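There are 2 protein chains.
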Amino acid sequence: MEIDIGNALDSVATPGVSRATLERLDGRVADAHARIEAGLDGRDHGYAALALPETADPDAIQAAVDPIDCETLLVVGIGGSALGAATVADTLDLDIEVHTLDNVDPAHTRELLDSLDLSRTAIHVVSRSGTTAETLANFLVAREAMDAAGVDWTERTLVTTGQAGNLRNLAERHDLPALDVPTGVPGRFSALSTVALPAAALGGGDVEALLAGARSEAESLSGSLFETPAYAYGATSYALAQRGWRVNAMMPYAESLETFAEWFAQLWAESLGKEGVGQLPARALGATDQHSQLQLYRAGPRNAMVTLVRPRDRPDLPIPETDLEGLSYLGGASLGGLLDAEFEATEASLAAAGRPSIRVELERVDAHGLGELLYGMEAACILAGELFSIPTFEQPAVEWGKRAARGLLGGGEFEEARAVEEKTRLLID
Amino acid sequence: MEIDIGNALDSVATPGVSRATLERLDGRVADAHARIEAGLDGRDHGYAALALPETADPDAIQAAVDPIDCETLLVVGIGGSALGAATVADTLDLDIEVHTLDNVDPAHTRELLDSLDLSRTAIHVVSRSGTTAETLANFLVAREAMDAAGVDWTERTLVTTGQAGNLRNLAERHDLPALDVPTGVPGRFSALSTVALPAAALGGGDVEALLAGARSEAESLSGSLFETPAYAYGATSYALAQRGWRVNAMMPYAESLETFAEWFAQLWAESLGKEGVGQLPARALGATDQHSQLQLYRAGPRNAMVTLVRPRDRPDLPIPETDLEGLSYLGGASLGGLLDAEFEATEASLAAAGRPSIRVELERVDAHGLGELLYGMEAACILAGELFSIPTFEQPAVEWGKRAARGLLGGGEFEEARAVEEKTRLLID
Numbered sequence: 012m013e014i015d016i017g018n019a020l021d022s023v024a025t026p027g028v029s030r031a032t033l034e035r036l037d038g039r040v041a042d043a044h045a046r047i048e049a050g051l052d053g054r055d056h057g058y059a060a061l062a063l064p065e066t067a068d069p070d071a072i073q074a075a076v077d078p079i080d081c082e083t084l085l086v087v088g089i090g091g092s093a094l095g096a097a098t099v100a101d102t103l104d105l106d107i108e109v110h111t112l113d114n115v116d117p118a119h120t121r122e123l124l125d126s127l128d129l130s131r132t133a134i135h136v137v138s139r140s141g142t143t144a145e146t147l148a149n150f151l152v153a154r155e156a157m158d159a160a161g162v163d164w165t166e167r168t169l170v171t172t173g174q175a176g177n178l179r180n181l182a183e184r185h186d187l188p189a190l191d192v193p194t195g196v197p198g199r200f201s202a203l204s205t206v207a208l209p210a211a212a213l214g215g216g217d218v219e220a221l222l223a224g225a226r227s228e229a230e231s232l233s234g235s236l237f238e239t240p241a242y243a244y245g246a247t248s249y250a251l252a253q254r255g256w257r258v259n260a261m262m263p264y265a266e267s268l269e270t271f272a273e274w275f276a277q278l279w280a281e282s283l284g285k286e287g288v289g290q291l292p293a294r295a296l297g298a299t300d301q302h303s304q305l306q307l308y309r310a311g312p313r314n315a316m317v318t319l320v321r322p323r324d325r326p327d328l329p330i331p332e333t334d335l336e337g338l339s340y341l342g343g344a345s346l347g348g349l350l351d352a353e354f355e356a357t358e359a360s361l362a363a364a365g366r367p368s369i370r371v372e373l374e375r376v377d378a379h380g381l382g383e384l385l386y387g388m389e390a391a392c393i394l395a396g397e398l399f400s401i402p403t404f405e406q407p408a409v410e411w412g413k414r415a416a417r418g419l420l421g422g423g424e425f426e427e428a429r430a431v432e433e434k435t436r437l438l439i440d
Numbered sequence: 012m013e014i015d016i017g018n019a020l021d022s023v024a025t026p027g028v029s030r031a032t033l034e035r036l037d038g039r040v041a042d043a044h045a046r047i048e049a050g051l052d053g054r055d056h057g058y059a060a061l062a063l064p065e066t067a068d069p070d071a072i073q074a075a076v077d078p079i080d081c082e083t084l085l086v087v088g089i090g091g092s093a094l095g096a097a098t099v100a101d102t103l104d105l106d107i108e109v110h111t112l113d114n115v116d117p118a119h120t121r122e123l124l125d126s127l128d129l130s131r132t133a134i135h136v137v138s139r140s141g142t143t144a145e146t147l148a149n150f151l152v153a154r155e156a157m158d159a160a161g162v163d164w165t166e167r168t169l170v171t172t173g174q175a176g177n178l179r180n181l182a183e184r185h186d187l188p189a190l191d192v193p194t195g196v197p198g199r200f201s202a203l204s205t206v207a208l209p210a211a212a213l214g215g216g217d218v219e220a221l222l223a224g225a226r227s228e229a230e231s232l233s234g235s236l237f238e239t240p241a242y243a244y245g246a247t248s249y250a251l252a253q254r255g256w257r258v259n260a261m262m263p264y265a266e267s268l269e270t271f272a273e274w275f276a277q278l279w280a281e282s283l284g285k286e287g288v289g290q291l292p293a294r295a296l297g298a299t300d301q302h303s304q305l306q307l308y309r310a311g312p313r314n315a316m317v318t319l320v321r322p323r324d325r326p327d328l329p330i331p332e333t334d335l336e337g338l339s340y341l342g343g344a345s346l347g348g349l350l351d352a353e354f355e356a357t358e359a360s361l362a363a364a365g366r367p368s369i370r371v372e373l374e375r376v377d378a379h380g381l382g383e384l385l386y387g388m389e390a391a392c393i394l395a396g397e398l399f400s401i402p403t404f405e406q407p408a409v410e411w412g413k414r415a416a417r418g419l420l421g422g423g424e425f426e427e428a429r430a431v432e433e434k435t436r437l438l439i440d
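Note that the protein sequences, when read in sequence, are chains A and B.
Using my numbering, the letters of the first sequence correspond one by one to residues 12 to 440.
Using my numbering, the letters of the second sequence correspond one by one to residues 12 to 440.
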C-alpha cells in the first residue's frame, strides 16, 4: 500500500497541512507508535487486532469449513460480524456465492431465503456475545426455513462466537463446527480472523495471501509517518479533521472495493466518532460518483477530504473502435485507461479547487492487496485514535438505543424505552 | 409521505430550529413556492421536473418496451441516467432482473457481461447528450459482446436520449425504439420519465401507481411548510444546515430503499453542493448502520442530521420461539416489530444526545409510496435550493474534471490535463 499525501499539503489545499506541521506531528506519531507497539506486544484490548496476521490460524479455519459442502454461504451477523466477510467475498474471486443477512427487514430476509437452494447453502452465524438480537432473530428464522425445506441445518451451520453463551451452547449441543472470536479484538477490527476468513476459506480464496498482505503492512509500522504508509494516512486524516475537514469520503476506483468502503465506514465512524471528535466517513465509488458526489466535494461546504484508492494493475478490456461523432478518441483506448484518466482528473480537479485528497495505491485488487488495505486502514485508524486521544476500541453511544429497543420489545424494564414514548412531535402530512 | 420535524426543534436538538424560526422561514417558503409554481407553469429549466407526473407518457413508454422480450435488463448510463432506474428496480417487485452498468471498471463490466444470458437480455442505453464517455464506452463493449455471442443487439436495444446526437442517429440508423429525454429536466430529476420508467414497464411494475404517488405529492405543494410535507423536509434540512448540520444521513429502515438513498445522495449533493453551501448526503441503512454509523452520529462531530425513513406497513415474518438464554423476549415477536423498535430507539437515542433527526413515513414501500418519496424529495430539494439561493439545476464543478479526463485520453487539447501532470507528490511507501 502506497500513500501519497501531496494533495493534503497547504500548497494545494486550503486549509491544508504544512510540512512543518507534519514534522511536529511526527513526534506525536513516535509516541503513539510506542503505545501501539506496547499494546500489540501485550495483546491489550483493541491493539491485539494488529497481531491477527500472526495469531490467526488458517489451518483451524480450513478444518472447520472442510466438512461443509455448499454453493452458497449465508453469513448471519451485523456490523463487524458481517462487514469483514462481505468485503472479503466481494473483493476476492470466490467459487461460492456469499450473501449477508445483516438487517432485520422481514421483506428482505424472506426474499433472500426464498431465493436460495437451502440444501446447497451453508450458514455462518457470527456473534461475539451470542445474544445480538438481530443476528439471533435472523438465525432462528433461517434455521426454521431449513427445517421447513427438509434440510438438516446442523450439517450446514458454522459458528464463530465467544467462549461462553448461547451460540457456544448451541454449537456444543448440536456438535457444530465452532470457532472462537479472537480475544481482545472489537468486531470492526476482526476481519483478519475467524470472523471473516471462513467465507474466503469456504470459497477457495487465498487466505494465506490475505494474511501475507496484512503482514507486509505490519512490518512497515515504525515510529515515523514518513516511513509508514498506514500512519501517513492516519496522521494526515487527523490533521485535516482538525482543520475542519470533518468528512472523509472513501472513494475506491474499483467496483469490487465498494464493500470495502462500507467496512472502512464502520471502522472509521465507530472508532473515532466520540466525545465530539472524529470524521464522518462517506462511502463513494469512482468513477460513478463523479456524476453524483463530485460537484459537492469540489464546491460544497469545505468539510470533505476525499480518499482515492486504486490498483496500479487491472485486468483490462479494450473499447471497440467507433465512428460515433466526437467519440473516436475512445476507440483503441480501454475501460481501464478511461477509469484511470478519470481517477487522475478527479484528483487534479479537487486540488485545483483547494480541496484535500489522499491517494492510496495497491499493486492489484487481490487477496494480498486486500490484506494490505484492511490492515493498513486498521493501523491508520488506531493511530488517529491515539492522536485524537479518544477510546478507539469502545462504542458507548450505541448502548442507549440497544436498551431502548429491548425495553420496547418487552425484554425488560429500561428507562430509555420511556423516552421513546415521550417523543416530541411536529407532524406535517 | 408524512414528515415529523419534532426532533429538529430546539427543544430537542442543540442547535435546533425554534418554532419562531419556522414561522419566519414560512414567509420565505411562500415566496419560494411562488417562484417554483411559476417555473413549473412555464416549464422552466429544472422546475419542469415537477411537471413530470402530468407530462410523462406511460403509454409511449409501454409501446417502446412492448416489442422487447427479455428476462434481464442492462441499464447503461451513469449518474442521473442510471440511479433512477436502479432505484425503481430495487424498490419494486419486478419480474425481470435489472443490472446497471454505471461505471467503467473493466473487471466489473467483463464479469457482469459474462454472467448474463445475452440472448435473454435487453439493453437500455441512456444519455441526454449521446456523448457521455462512460456510457458510450460501456455501450460499445456490451454491443460487441452481443455480436460475439451471435445475438442481434438491434432487436434488444432501447434508447433514451436527446433529439439530436450520436444515440439519436444510431437509433435512426438501426430502427431502435427511442424515447426522448424530458425537456428541461436535469438527469438527477428525471426518475419519473423515459429515463427510469422503462425499467419498471419492462418488468411489469405499476408505472401508473408510481406516477399517482408522485401526483399526490404534487397536489400537496402549497405556500406553507406547515401544509406541505416536502417543503417541511426541505426547509428544516436547510435550517439545520445553516446551524452547522452540514451532513444529512439518509437512513431508510427498509433494505429495498437502499438504492433510493443513493439516488437521494446524488439529488442532494449535486443540486445543493455549490458556492460553499449545501449539505453532504451520507448513505446509510437501518437497522444495519446502527452497528456502524450510529456511534458517530450520536457522539462524533456535531455536523450530522439523520433522516429516518420507514413504511407504516410491512410484510411480516414471525421470529420462532426460542429457549436461548436471555432471548425469549424475541420469540413471538416479528422481524418487522424488531426493526420498528430499533427505528424508534435510534430516533430517541439521537434526540437524547441533542442530535437532530427528521422522520419520513410512507404507508408502504410500493410503487405509490416510491412515487411519493421521489417527487417529495425532488420538491424538498428544489425548495432548499431556493432558500440557499443557489443554481439548483446546474453542476458546474464537474466540468473541470471532464475536460481533464478527455485531454488525458487524447480527445483534444485541454489545459486541465496539464494540471494532472503537475501534481504535488509526497509519497510514503
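Here a beta-carbon is modelled for each residue, glycine too, at the ideal position from N, C-alpha and C.
Since the model is a prediction, treat every value here as computed from it, not as a measurement.
Euclidean distance between Cα positions of residue i and residue j
| i | j | result |
| --- | --- | --- |
| ARG257 of chain B | SER368 of chain B | 13 Å |
| ARG309 of chain B | ARG366 of chain B | 7 Å |
| GLY311 of chain B | GLY287 of chain A | 4 Å |
| ALA160 of chain A | LEU112 of chain A | 19 Å |
| TYR264 of chain B | SER345 of chain A | 40 Å |
| GLY289 of chain A | LEU283 of chain A | 5 Å |
| ALA359 of chain A | THR171 of chain A | 45 Å |
| ASN259 of chain B | LEU278 of chain A | 20 Å |
| VAL192 of chain A | GLU426 of chain A | 32 Å |
| GLU13 of chain B | ALA49 of chain A | 54 Å |
| LEU291 of chain B | LEU124 of chain A | 35 Å |
| ALA363 of chain B | MET157 of chain A | 41 Å |
| ALA276 of chain B | ALA293 of chain B | 7 Å |
| ALA34 of chain B | ASP300 of chain B | In the sequence on display, residue 34 of chain B carries Glu and not Ala. Computed Cα separation, rounded: 34 Å. |
| ASP2 of chain B | ARG313 of chain B | This structure gives no information on residue 2 of chain B, because the portion of chain B shown stretches from 12 to 440. |
8 Å Cβ cutoff, residue i in contact with chain B
| i | result |
| --- | --- |
| LEU349 of chain A | yes |
| TRP411 of chain A | yes |
| ALA118 of chain A | yes |
Three-state secondary structure (DSSP) of residue i
| i | result |
| --- | --- |
| ALA298 of chain A | coil |
| GLU376 of chain B | Note on residue identity: the sequence assigns Val, not Glu, to residue 376 of chain B. Coil at VAL376 of chain B, not helix or strand. |
| ASP116 of chain A | coil |
| VAL196 of chain B | coil |
| ILE442 of chain B | Because chain B here runs from 12 to 440, residue 442 of chain B falls outside it and cannot be looked at. |
| GLU383 of chain A | helix |
| MET388 of chain A | helix |
| ASN314 of chain A | coil |
| ILE401 of chain A | coil |
| ILE369 of chain B | strand |
| ASP70 of chain B | helix |
Cβ neighbours of residue i in the same chain (closer than 7 Å, five flanking residues each side left out)
| i | result |
| --- | --- |
| GLY27 of chain B | ALA19, LEU20, ASP21, PRO367 |
| PRO64 of chain B | LEU203, LEU222, ALA225, ARG226, ALA229, TYR386 |
| GLU281 of chain A | ARG199, GLN406 |
| ASP3 of chain B | Nothing can be reported for residue 3 of chain B: it is not among the residues displayed for chain B, which extend from 12 to 440. |
| VAL431 of chain B | ALA415, LEU419 |
| ALA378 of chain A | LEU103, GLY216, ASP217, ALA220, LEU221, GLY224 |
Close beta carbons around residue i, own chain, < 6 Å, minus the five adjacent residues each side
| i | result |
| --- | --- |
| ALA212 of chain B | ILE72, GLN73, VAL76, VAL218 |
| ASP15 of chain A | ARG370 |
Test: residue i CB closer than 8 Å to a CB of chain A
| i | result |
| --- | --- |
| VAL136 of chain B | no |
| TYR386 of chain B | no |
| GLU336 of chain B | yes |
Segment contact flag, the stretch 163 to 178 of chain A with the stretch 264 to 271 of chain B, C-beta cutoff 8 Å, min 3 pairs: Fewer than three beta-carbon pairs drawn from the stretch 163 to 178 of chain A and the stretch 264 to 271 of chain B are found closer than 8 Å, and the two stretches are therefore not classed as touching.
Give a yes or no on contact between the stretch 237 to 251 of chain A and the stretch 53 to 66 of chain A, applying the rule of three or more CB pairs nearer than 8 Å. Contact check between the stretch 237 to 251 of chain A and the stretch 53 to 66 of chain A: fewer than three CB pairs, one atom from each, fall below 8 Å, which does not count as touching.
Are the stretch 397 to 405 of chain B and the stretch 322 to 329 of chain A touching, with three or more C-beta to C-beta distances below 8 Å? no
Evaluate contact between the stretch 173 to 193 of chain B and the stretch 42 to 54 of chain B, counting only Cβ atoms and requiring at least three cross-stretch pairs below 8 Å. Taking 8 Å as the limit for Cβ pairs, the verdict is that the stretch 42 to 54 of chain B does not touch the stretch 173 to 193 of chain B.
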